[in-house]
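First comes the structure, then the notes that go with it.
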Amino acid sequence: STIVLVFEAPKGFGFSVKAGEVVRVGQALGDI
Amino acid sequence: VAEAWKETPTTWYPLPVAVGALLLVALQYRKKRSERAEVDSSPDGSQVVRLKGPWQVHVLGALPLRNMSRVWGYLNSLELPIWIRPTGFRLYSFIFSADLSEIEHSSDLTKYVSLGDFFYRRLKPGSRPIAEALLVSPADGRILHLGEIDSEGDGRVEQVKGLSYSLDALLGVERGEKGEGKDVIEVPFKRGDLEHVDDKEFANVNGIEYSLDQLIGRGGSPAKDGPADASVEQPAGSTIRDASVAMEVGVRPGIGRKSSFSELKEGSGLFFAVIYLAPGDYHRFHSPTAWVVERRRHFAGELFSVSPWMARRLANLFVLNERVALLGRWKHGFFSMIPVGATNVGSIKINFDEALRTNVRGRKPPAGTFTEAVYSAASPILHGQPLRPGQEMGGFSLG
Chain W
1 STIVLVFEAP KGFGFSVKAG EVVRVGQALG DI
Chain C
1 VAEAWKETPT TWYPLPVAVG ALLLVALQYR KKRSERAEVD SSPDGSQVVR LKGPWQVHVL
61 GALPLRNMSR VWGYLNSLEL PIWIRPTGFR LYSFIFSADL SEIEHSSDLT KYVSLGDFFY
121 RRLKPGSRPI AEALLVSPAD GRILHLGEID SEGDGRVEQV KGLSYSLDAL LGVERGEKGE
181 GKDVIEVPFK RGDLEHVDDK EFANVNGIEY SLDQLIGRGG SPAKDGPADA SVEQPAGSTI
241 RDASVAMEVG VRPGIGRKSS FSELKEGSGL FFAVIYLAPG DYHRFHSPTA WVVERRRHFA
301 GELFSVSPWM ARRLANLFVL NERVALLGRW KHGFFSMIPV GATNVGSIKI NFDEALRTNV
361 RGRKPPAGTF TEAVYSAASP ILHGQPLRPG QEMGGFSLG
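Take a look at the structure:
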């Protein structure tokens, strides 16, 4: 199964993870 | 009758089974072909989706994936003998590298009565600390793809490198004014189904005081360590009532409707992230931020596998599959989260929406059609179901 997030954010938003990375619930995905 | 029974000669001859099978395949193929169409905003603006990819994809597309998924779910709901459970679940964990040490009943696996129950397991409290970041991961899994959507462009999202799908097809497009071709029914929940959260308590997320105004996007950044924004008067101790879901019977997204995200704020962009949950992963999902879910759109689609192998071959995979698009807002504007089902996990559960039924038997509605529910009465102030970062929202279960 898959979860897709689509969201509006200020242009300064950046992801702190990369494609292919393993993530856990609650792990930081991105911030401004 | 006795005479006829005794005297009538019996003649044996082979039944043309192959002919029957070929006839069934031909009928199925004709049915599929009649449903197929390109993902284009065709002249009337409606979104329809075509199966595109190598021959393996078309073979899969000809299979009764939804029925297979339901049989799979039924078999996995059967209660297992107690003596087989520990060995069986350890074997499953070994094959799919699931970590048994962090699950709720790690000391006594016999508590899981079936594989379906084990699959929908909880983790031990505190197993997943919530980071203090604007956006956190809603699930355990692997990042399949992420980035910014060129919202000036044709609103297509890259599924993986080189394959993209239409965002309008993923989220559905807004429909006409209320009452146009749809019935709105209030479906009240039983009390106690939902966590009662005091607006005040809700506004205090991760130690950062959000005023409701900030939380739902009418204000600036969260007031760190400062008093909640007094400008948002809320009745003292007002609690969020049970969500009652106003069901809107879905209609085919129609002509010239605006996209769900068409008005972006000045200086804002549209971002996306795709997280793939492997069979051995923990399959409940949590809120990725503090946001308010205003509506959900259930697309009763196909149930292709969503493994990275498949995602690299089948274009439009995420707009073909059964999915539940949760649409709402956070303090920076539009926010949506779309759990997408797959062959083995055809059922998507949302804790605050008992009315939702996915992967149900019966004729699949035409591609692109969805059933919409609005969480209008969940909170009189927020006009939707409020969620805190890390709050459990639901999960995927087998079948």
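Just so you know, the sequences run in chain order W and C. Be aware that the first sequence starts at 1, since it is given in this note's numbering, and climbs by one per residue. Be aware that the second sequence starts at 1, since it is given in this note's numbering, and climbs by one per residue. Yeah, the Cβ is synthetic: ideal placement off N, Cα and C, and Gly gets one too.
Buried or exposed for C/Glu3, going by 16 or more other Cβ atoms inside 10 Å? Burial call: exposed.
Could you name the residues of chain W that C/Leu170 contacts, counting a contact when the two beta carbons are closer than 9 Å? Here the neighbours are Val4, Val6.
Restricting to Cα atoms, I'd like to know which of C/Trp291, C/Ser137, C/Phe334 is closest to C/Ala273. Per the Cα distances, C/Ser137.
Candidates C/Glu354, C/Ala131, C/Arg323: closest to C/Ser305 by CA position: When C-alpha distances from C/Ser305 are compared across C/Glu354, C/Ala131, C/Arg323, the shortest belongs to C/Arg323.
For the region 282-295 of chain C, list every residue whose C-beta sits within 9 Å of some C-beta in chain W, in sequence order. Residues passing the 9 Å Cβ filter: Tyr282, His283, Arg284, Phe285, His286, Pro288, Thr289, Trp291.
Would you mind listing the beta strand (DSSP E) stretches within the region 337-389 of chain C that are 3+ residues and don't spill past its ends, in chain order? Listed in chain order, they are 347-350, 371-374, 385-387.
Closer than 9 Å at the beta carbon, the chain W residues around C/Val274: The contacting residues are Thr2, Ile3, Val4, Leu5, Ala19.
Nearest-angstrom beta carbon gap, C/Gly394 and W/Ser1 [assumed within contact, 8 Å]: Cβ atoms of W/Ser1 and C/Gly394 stay farther apart than 8 Å, at about 12 Å.
When you compare the CB of C/Val360 with every CB in chain A, is at least one pair closer than 9 Å? Chain labels in this structure do not include chain A; the protein chains are W and C.
Put C/Glu7 into one of helix, strand or coil per three-state DSSP. Shown here, C/Glu7 sits in a helix according to DSSP, grouped into three states.
Where does the unbroken beta strand (DSSP E) through C/Leu264 begin, and where does it stop? In this chain, C/Leu264 is not harboured by any beta strand (DSSP E), its DSSP state being neither H nor E.
Which ranges does the beta strand (DSSP E) cover as unbroken runs of at least 3 residues, wholly within the region 258-332 of chain C, from first to last along the chain? Those beta strand (DSSP E) runs which fall completely within the region 258-332 of chain C and span 3+ residues are 268-276, 284-286, 291-299, 323-330.
C/Pro125 (DSSP reduced to helix, strand or coil): DSSP places C/Pro125 in the coil class of the three-state scheme, outside both helix and strand.
Cα-Cα, which of C/Gly73, C/Ser69, C/Leu78, C/His105 is closest to C/Pro86? With distances taken between Cα atoms, C/Pro86 lies closest to C/His105.
Using a Cβ-Cβ distance under 9 Å, would C/Phe94 count as near chain W? For C/Phe94, no Cβ of chain W is located within less than 9 Å of the residue's own Cβ.
The alpha helix (DSSP H) enclosing C/Pro86, as first and last residue numbers: The continuous alpha helix (DSSP H) containing C/Pro86 extends over residues 85-96.
Helix or strand or just coil, what does DSSP make of C/Leu60? DSSP, read as helix, strand or coil, puts C/Leu60 in helix.
So is C/Arg357 buried or exposed if we call it buried at 16+ other beta carbons inside 10 Å? Exposed is the call here.
Distance check for C/His383 and C/Leu212, CA to CA, integer angstroms please. Confidence at C/Leu212 is low in this model, with a pLDDT of 35, below 50, so its placement is unreliable and no value can be given for it.
At a CB distance below 9 Å, what residues from the region 127-149 of chain C approach chain W? Give them in sequence order. Only those residues of the region 127-149 of chain C whose C-beta falls short of 9 Å from the nearest C-beta of chain W are listed: Ser127, Arg128, Pro129, Ile130, Ala131, Glu132, Ala133, Leu134, Leu135, Val136, Ser137, Pro138, Ala139, Asp140, Gly141, Arg142, Ile143, Leu144, His145, Leu146, Gly147, Glu148, Ile149.
Closer than 7 Å, Cβ to Cβ, to anything on chain W: give me those residues from the region 333-360 of chain C, in chain order. Residues Gly333, Phe334, Phe335, Ser336, Met337, Ile338, Pro339, Val340, Gly341, Ala342, Val345.
Along the chain, where does the alpha helix (DSSP H) containing C/Gly73 start, and where does it finish? Residues 65-75.
Taking just the CA atoms, how far does W/Pro10 sit from C/Leu387? Cα to Cα, C/Leu387 sits roughly 21 Å from W/Pro10.
Is the separation between the beta-carbon of C/Phe285 and that of C/Glu132 shorter than 9 Å? No, the pair does not count as a contact, with Cβ atoms beyond the cut-off.
Would a C-beta distance cut-off of 9 Å place C/Ser97 and C/Gly399 closer than the cut-off? Against a cut-off of 9 Å, the Cβ pair of C/Gly399 and C/Ser97 comes out as no contact.
Sheet register partners of C/His145 (DSSP bridge): C/Val274.
Alpha carbon to alpha carbon, how far is C/Glu372 from C/Gly172? Give it in angstroms, no decimals. Their backbone Cα atoms lie some 10 Å apart in a straight line.
Can you tell me whether W/Val23 is buried or exposed, with buried defined as 16 or more other CB within 10 angstroms of its CB? Burial of W/Val23 is indicated by the presence of at least 16 other C-beta atoms within 10 angstroms of its C-beta.
Quick one: list the residues of chain W neighbouring C/Val306, beta-carbon separation under 8 Å, in chain order. Those are Ser1, Thr2, listed as they occur along chain W.
Could you have a look at C/Ala2 and say whether DSSP puts it in helix, strand or coil? Looking at C/Ala2 - three-state DSSP - the assignment turns out to be helix.
Through-space distance from C/Leu24 to C/Lys31, alpha-carbon basis: Approximately 10 Å, taken between the alpha carbons.
Just the C-alpha distance for C/His58 and C/Met310, rounded to the nearest angstrom, thanks. Approximately 12 Å, taken between the alpha carbons.
Would you tell me roughly how many angstroms separate the C-alpha atoms of C/His332 and C/Ser107, rounded to the nearest one? If you take the alpha carbons of C/His332 and C/Ser107, they lie about 43 Å apart.
Three-state secondary structure assigned by DSSP to C/Asp404: Nothing can be reported for residue 404 of chain C, as the shown portion of chain C is limited to 1 through 399.
So which residues on chain W does C/Lys271 lean against when the C-beta distance must stay under 9 Å? A small correction: the amino acid at residue 271 of chain C is Phe; Lys does not occupy that position in the sequence shown. Within chain W, the residues Leu5, Val6, Phe7, Glu8, Ala9, Phe13, Phe15, Gly30 have their CB atoms less than 9 Å from the CB of C/Phe271, given in chain order.
Exposed or buried, C/Ala18, counting other C-beta atoms within 10 Å across all chains shown (16 or more means buried)? Exposed, since its Cβ has fewer than 16 Cβ neighbours within 10 Å.
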